[in-house]
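Encoded as structure tokens, the structure appears first; notes follow it.
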Amino acid sequence: MADFDAIVVGSGCAGSVAAYEIAKAGKSVLVVERGNFAGAKNMTGGRIYGHCLRAVFPDNFDEIPFERKVSHERISLMSPNSNFTIDFASEDLLKDGQESYTVLRAPFDQWLAEQAENAGAEYICGIAVEKLIKDENGKVIGIFAGEDEITADVVVLCDGANSLLVEQAVGAKRPPASQMAVGVKEVFELPEEEIDKRFQCAPGEGTAWLFAGDATHGSFGGGIIYTNKDSISVGIVAGVEATAKGNVPVYQMLEDFKNRPEIAPVLKGAKLVEHSGHLVPEGGITTMPELTADGVMVAGDNATMCVNLGYTVRGMDYAVASGQMAGQAAVKALDAGDTSKAGLKCYVDALEDSFVMKDMRQFKNVPNFMEHFDRMFCGYPEMIRDMMNTMFVVDGSPVQPMKKSMMPIVKGAGFMNLFKDVKGAMKAL
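With full-length UniProt numbering as the guide, the letters of the sequence shown map in order to residues 1 to 429.
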């Protein structure tokens, strides 16, 4: 007889939600987390969309430790000496089921873990799981937690993008460097009313701000700023392969970004309280492993369920949804007495019927397009700068017709390049 009905490896968004679903159905479930507590090793910019959490916690959604509801979406194109920003606000961004929130992963993940524990899940923290236990037929029947062997009828892998276990479970290799990014983030304390003033937000509301171009010194990637209740999250996410080929390391990108004239005033007088780094899977469905094998399921970042669209980055809502579906599938398989790959097919079916796999397929071409969209990071920010200078700089010289003044700038970027990029974006997005 197995020690537990289920074991969940990792207590991030996917892991804790999976454990919660299994435990509330009356099954015995153990969560093993390598950090000293849930959220200790997790990092995000970060923002989560409310729809996924409303599906899991309809009765206590208002208890979730969100930071601010996002009321402003900002996108900036940075050249070395300019910044072009779009600031979008809409009532539709704030409606229930359509809204998003900024979060800090430590308190957020601890809350999720508490819900799982309250439902009956057991937690072991501070233990890294590096090996799975398999029977003579190759079915996963448990884990090695440190020196201990712990068995279960089903194992759910939710231990992140840099997992050692996915290859053991389903034979998938780690994603290539070209489909991975490295994120570095710092959190700065600032009084709540000061954040309201600096970002022109109503109390309780906040901003999600993405940057492309010189934020990463022209390399594939971008900068991020998210407003929390009484702090600001500032970070850089850069492609691993692009960064390795460049001359500027990620930590220097972050320092230069913070010292930009557009960013420095936002952080003036703020106190640095946190620094973290994390690998981010950006390959989407192109690098997604098989999601099931005998006795095991893969969810969240382990399954590369993340999409960087340039104007928004999504991953946590996919992790929550996949964790919920993995937990529900585990319960069905346990009740049926069949935790083989065939018995766990209900997990894959649920994902295919949901927004998760529909989004993954819709955006299957985005990773390759973004990886080769070099002019977005070096070229178009400069083109926008020159166009804006032509429109707004007044020096006493006679004003030229708009067509005459703009045409050389667009020609400099190349009409064919513009056509190719627009066509590529339309196909990918």
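Just so you know, even glycine gets a beta-carbon here, dropped at the ideal spot from N, CA and C.
Residue 125 has 33 as its beta-bridge partners, per DSSP. By the beta-carbon neighbour count (other beta carbons within 10 angstroms, threshold 16), residue 85 is exposed.
Between residue 108 and residue 65, the gap from beta carbon to beta carbon is short of 8 Å. Between residue 294 and residue 155, the C-beta spacing is not below 8 Å. Secondary structure note for residue 427: its alpha helix (DSSP H) is the uninterrupted segment 415-428. Every unbroken stretch of the alpha helix (DSSP H) spanning 4 or more residues and falling wholly within the region 203-246 is given here in chain order: 240-245.
Annotation: the region 136-194 contains the following complete segments of the alpha helix (DSSP H) (minimum length 4 residues), in chain order: 166-170.
The continuous stretches of alpha helix (DSSP H) do not include residue 86, which lies in the beta strand (DSSP E) extending over residues 82-89. According to DSSP, residue 276 shares a beta bridge with 185. Between residue 258 and residue 292, the beta carbon gap of about 43 Å keeps them out of contact (Cβ cut-off 8 Å).
Selection 398, 385, 278 and 285 evaluated against residue 105 yields 278 as nearest (Cα-Cα). From the listed residues 186, 214, 246 and 11, the smallest Cα separation to residue 226 is found for 186. The alpha-carbon separation between residue 380 and residue 87 amounts to approximately 19 Å. Taking a C-beta distance under 8 Å as the contact criterion, residue 399 and residue 289 do not qualify as a contact pair. Closest option to residue 190, judged by alpha-carbon separation, among 150, 238 and 268: 268. Of the other Cβ atoms in all chains shown, fewer than 16 fall within 10 Å of the Cβ of residue 349; this residue is therefore exposed. The closest CA to that of residue 306, considering only 361, 93 and 20, is found on 361. In this structure, residue 299 places its C-beta atom within 8 Å of the C-beta atom of residue 14.
For the 8 Å CB-CB criterion, residue 10 and residue 33 form a contact. In this chain, residue 369 is not harboured by any beta strand (DSSP E); it is covered by the alpha helix (DSSP H) spanning 366-371. Bounds of the beta strand (DSSP E) holding residue 297 are 296-298. If the five residues before and after residue 327 are omitted, its C-beta is found closer than 6 Å to the C-beta atoms of 18, 21 and 22, all from its own chain and listed in chain order.
For residue 22, the uninterrupted alpha helix (DSSP H) segment begins and ends at 13-24.
Cβ-Cβ separation between residue 239 and residue 181: approximately 5 Å, consistent with a contact (criterion under 8 Å). For residue 132, the pairing in a beta bridge is given by DSSP as 143.
Burial check for residue 358: the Cβ neighbour count within 10 Å stays below 16, so the residue is exposed. Listed in chain order, the non-local C-beta contacts of residue 166 below 7 Å within the same chain comprise 157, 172, 289, 298 and 302, local neighbours out to five positions each way being set aside. For the set 111, 235 and 287, the Cα lying nearest the Cα of residue 364 is the one of 287. Residue 246 has its alpha-carbon roughly 30 Å from the corresponding atom of residue 40.
At least 8 Å separates the beta-carbon of residue 145 from that of residue 6.
A Cβ-Cβ contact shorter than 8 Å links residue 319 with residue 12.
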